[in-house]
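A short write-up of the structure that comes next.
Number of protein chains: 2
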Amino acid sequence: MKKKINWSGRSHNYSNQDIKTIVNCIKFSDPLTQGKYLKLFESKLRNYLGRKNVFATSSATSSLELIAQLSNLKKNDEVIVPAHTYCSSAYPFAKNGAKLIWGDINLKTRTLCPLDTKKKISKKTRAIIVVHLNGFAADLLPFKKLIKNKKILLIEDCSQAFGSELRNRKAGTLGDFGCYSFHAQKNLTTLGEGGAIYIKDSSLAKKLPGLRHNGHSGFGKRKFYWKPAMVNVKEDLKYKWPNKFTLSEVQCAAGSVMIKKIDKMNNERIKRAKYFIKKLNKLSENLIFNSNFENKRNVYHLLPALVNPNGTIDRDSLIKKLSFKFGIQCVTQYYPLYKYDLFKKKGFAKHKCPNTDYYFDNMISFPFHLWMSMHDLDYIIASIKKIFQEIDDKKSNRIKTKKTN
Amino acid sequence: MKKKINWSGRSHNYSNQDIKTIVNCIKFSDPLTQGKYLKLFESKLRNYLGRKNVFATSSATSSLELIAQLSNLKKNDEVIVPAHTYCSSAYPFAKNGAKLIWGDINLKTRTLCPLDTKKKISKKTRAIIVVHLNGFAADLLPFKKLIKNKKILLIEDCSQAFGSELRNRKAGTLGDFGCYSFHAQKNLTTLGEGGAIYIKDSSLAKKLPGLRHNGHSGFGKRKFYWKPAMVNVKEDLKYKWPNKFTLSEVQCAAGSVMIKKIDKMNNERIKRAKYFIKKLNKLSENLIFNSNFENKRNVYHLLPALVNPNGTIDRDSLIKKLSFKFGIQCVTQYYPLYKYDLFKKKGFAKHKCPNTDYYFDNMISFPFHLWMSMHDLDYIIASIKKIFQEIDDKKSNRIKTKKTN
């Protein structure tokens, strides 16, 4: 059958008013990068997150590379990172010399399991990466307890969780470093690519502008504006060279208009996710969402569920039926990182993450975007219900037939 | 006095028709990154440059990092790079393990001097970076002779020279690797940030998509679209991790419309530069441009001149007069890289580049952008003439006075 609903897609549209601001920047902004729109976007980010050391970058991956660089990782330093996440949560640390230790997830939250992490902490552990996956703010308190009096950094990957909260504090601002993504599919996108970084330590934060922009930081006062030339290109980190991870003015303009709407957009997502989950409440033994946690603001970047392998239908059959019978494209995420060709070949095949394997083998991710009409959302819900109903009907028919015989 | 003409500024504007295309992409493109506009821009780049292995990247610096990674540099490998260039021409190679050897420039071309390079080639030399600075296509033949039968890579940095030509072939496509910049101030800008890379070796070129995008390359054929998941994240280089150097759809849309106009825009630059130089012809003993070379298309990204230190006025006095008397902001470029805090602290202070020092100490870079009106250009020319005329008048007055006395 013809596909009706794609899984992937842009997360939000831009209004005519937003586009007017963006076009204004395209037409008149001078310079077109590293100017007043960057300052504006960063001030809005700082205000929104309630932290001063927040900077715009070219992507969350760039932010994670910057974090890895600022973490001053030494050879054989270990970094614990969940195996159930996108590859960018992990590889920047290995790229900067760390040994990756795969952390398992908690099956309810689908985020890093503190109990498993505790077992994996060693004398060589230098950092723990907590990924607020799917928009769900993982609890940091257990991790803070684990690293107390230890020289271990707590790093929050909020690529999918801009606007998520934990006890009324923004995810990504509670550890030593945080990062955000404004990529095409994220809850807020700066025209397809973009990111941000939070740095707790103010002396490290001072190094960010240079580290992000080929070593460039501001000039001090100069008697003559043209000399000395280029004395603003400095060594920010003794042990690292700089990067080119800058966000353009046009991207910053888009970010500045969209950040005003992020709470509203996230509220709409939350409303829709709750509606979806509630409508499928009767199937809660079969489809297990991570919905009920107190003191949390889960911004539902994605809407995945665990398909109970002892339930009515197995995961692959459900995906097949939804796709081939109803034209709804669902996917499976995330392939455990230790199974990637990339990580295996680089020596990170070793793992002990039963929950990660179990969850990946039995999970389904439904299409879930703001561009989707309520009609489509209802169609997905109705299709799921129909699949389960048909199986139940067949079963009771078989029982009836048996009884009549 | 109030400043009238800034040195820096955006290199070109976007027409209403260009903006219509860009807005169409902002409104309807799905995905907003790595989609059909990337394919379109890359096909236009390939067509324009006459080479198939051309890819869009997030910046020229990113391209240079990718080149450094693909070059498989070993510890103690030496890379010869001109000291008279922007820092990004050099640091990606040091970041990837190379020892930087500072090459001197030829005073006429202001690009890497083949004679000096010959002296600096050693058994450890792994690459030579020729920077087509200011838009001027450096001759590659002498370098090709130097590296003949040697395992030395020839790398062209065309950050300032998109559209430059040498004997009717595009700069950047004649060596083993080339890179281009579409940064805010470049002759063509993809909305403030952007770049491209050319890779001669087709087997290395195959690694580029993954290396540029977190290891992602295309899926092969899969029976079921959702599995196996993420098998497209591969190890492209045994000795390197991937990067996130992607250009968004909106940036690619801008690139695709502007590339149609680049020859016209460059022709206008060439016309203006030649006009400027011709009008100052009488001062050619004082202001020495690099204008007269056969078989070259110099796209004049910048318009610098050597101020003869034995001439009418010294460089700093000229800048001061232009700035404080006429409101014209000129600058000096490029501070020799071995003098940067960044390179000195990383162990690359050693140098033997008398021409680089001499040129930097005596050069001036005039404001030169397409947004500048012909009226402004004429004002700069007239102001320069006036400065020289006044000095000459004073001199002849002194002589007259002496004679009368």
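In order, the protein sequences belong to chains A and B. Numbering-wise (the working numbering), the first sequence opens with residue 78 and increments by one. Numbering-wise (the working numbering), the second sequence opens with residue 78 and increments by one. In this text, a Cβ means the ideal position worked out from N, Cα and C, and glycines have one as well. Predicted model only: the values in this text are computed from it and were never measured.
Per DSSP, the bridge partner or partners of residue i
i               : result
H293 of chain B : B:V310
D234 of chain B : B:V208, B:C256
K97 of chain B  : DSSP output for K97 of chain B lists no bridge partner at all.
V408 of chain B : B:S442
I178 of chain B : B:I157
K246 of chain B : Correcting the residue identity first, residue 246 of chain B is Arg in this sequence and not Lys. In DSSP, R246 of chain B forms a bridge with B:L243.
F301 of chain B : B:K304
R374 of chain A : A:E242
A62 of chain A  : In this structure chain A extends from 78 to 482, so residue 62 of chain A is not present and cannot be described.
S325 of chain B : B:T110
I365 of chain B : B:L383
K317 of chain B : B:L314
I103 of chain A : Answer by DSSP bridge pairing: none, since I103 of chain A is not bridged.
T202 of chain B : B:E155
L189 of chain A : A:I182
I82 of chain A  : A:I405
Short Cβ contact (8 Å threshold) for residue i with residue j
i               : j               : result
S460 of chain B : L399 of chain B : yes
G255 of chain A : E233 of chain A : yes
S294 of chain A : P286 of chain A : yes
H260 of chain A : C235 of chain A : no
S88 of chain B  : L447 of chain B : yes
L141 of chain A : Y275 of chain A : no
V376 of chain B : A273 of chain B : no
N367 of chain A : T134 of chain A : no
N83 of chain B  : Q410 of chain B : no
L177 of chain A : V207 of chain A : no
L217 of chain A : K195 of chain A : no
A214 of chain B : K373 of chain B : yes
A160 of chain A : P413 of chain A : yes
Neighbouring residues, chain A, relative to residue i (Cβ below 8 Å)
i               : result
I96 of chain B  : V100, I103, K104
P319 of chain B : Y168, L419
T266 of chain B : L109
Contact list for residue i against chain B, beta-carbon separation under 9 Å
i               : result
R244 of chain A : Per Cβ cutoff of 9 Å: no residues; R244 of chain A is ~32 Å from chain B at best.
R203 of chain A : Within 9 Å Cβ-Cβ: nothing; R203 of chain A doesn't reach chain B, min ~18 Å.
D107 of chain A : N83, S85, G86, R87, A261, W448
S179 of chain A : A small fix is needed here, since residue 179 of chain A is Trp in this sequence, not Ser. Those within 9 Å of W179 of chain A in chain B number zero; the least Cβ separation is about 15 Å.
K172 of chain A : K317, W318, P319, N320
Beta-carbon contacts of residue i that lie in its chain and below 7 Å, excluding the five residues immediately before and after
i               : result
S148 of chain A : R203, A204, L230
P386 of chain B : N439
L357 of chain B : L364, I458, I461
F353 of chain A : L380, L454, I458
Under 8 Å from the C-beta of residue i: neighbouring residues of chain B
i               : result
T110 of chain A : H260, A261, G269, E270
V327 of chain A : L268, G269, V327
Buried versus exposed, by CB contacts within 10 Å (16 or more), residue i
i               : result
L251 of chain A : buried
L395 of chain A : buried
H452 of chain A : exposed
L268 of chain A : buried
G180 of chain A : buried
G332 of chain B : buried
I103 of chain A : buried
E499 of chain A : No statement about residue 499 of chain A is possible, as the shown extent of chain A runs from 78 to 482 and does not include it.
I476 of chain A : exposed
Close-in-space but distant-in-sequence residues of the same chain around residue i (CB under 6 Å, 5 per side omitted)
i               : result
G271 of chain B : F259, L324, Q328
K81 of chain B  : G404
K321 of chain B : N291
K152 of chain B : G174
S106 of chain B : E326
K121 of chain B : S333, I336
Residues that residue i contacts on chain C, provided the C-beta gap is smaller than 8 Å
i               : result
Y257 of chain A : Absence of chain C from the displayed structure is noted, the protein chains being A and B.
Amino acids of chain A, ordered along the chain, whose beta-carbon sits closer than 7 Å to that of residue i
i               : result
S136 of chain B : K321
K304 of chain B : T409
E312 of chain B : D418, L419, K422, K423
Own chain partners of residue i with C-beta closer than 8 Å, once the 5 adjacent residues on each side are dropped
i               : result
Y417 of chain B : C164
K311 of chain B : G287, G292, S294
K284 of chain B : L147, D313, L314
I390 of chain B : N363, V384, K398, I464, F465, I468
P431 of chain A : D181
I99 of chain B  : Y91, L268, V327, A330, A331, V334
Contact set between residue i and chain B, taken where Cβ atoms lie within less than 7 Å
i               : result
Y436 of chain A : Chain B residues near Y436 of chain A: none, gap ~13 Å exceeds 7 Å.
C164 of chain A : N291, G292, V310
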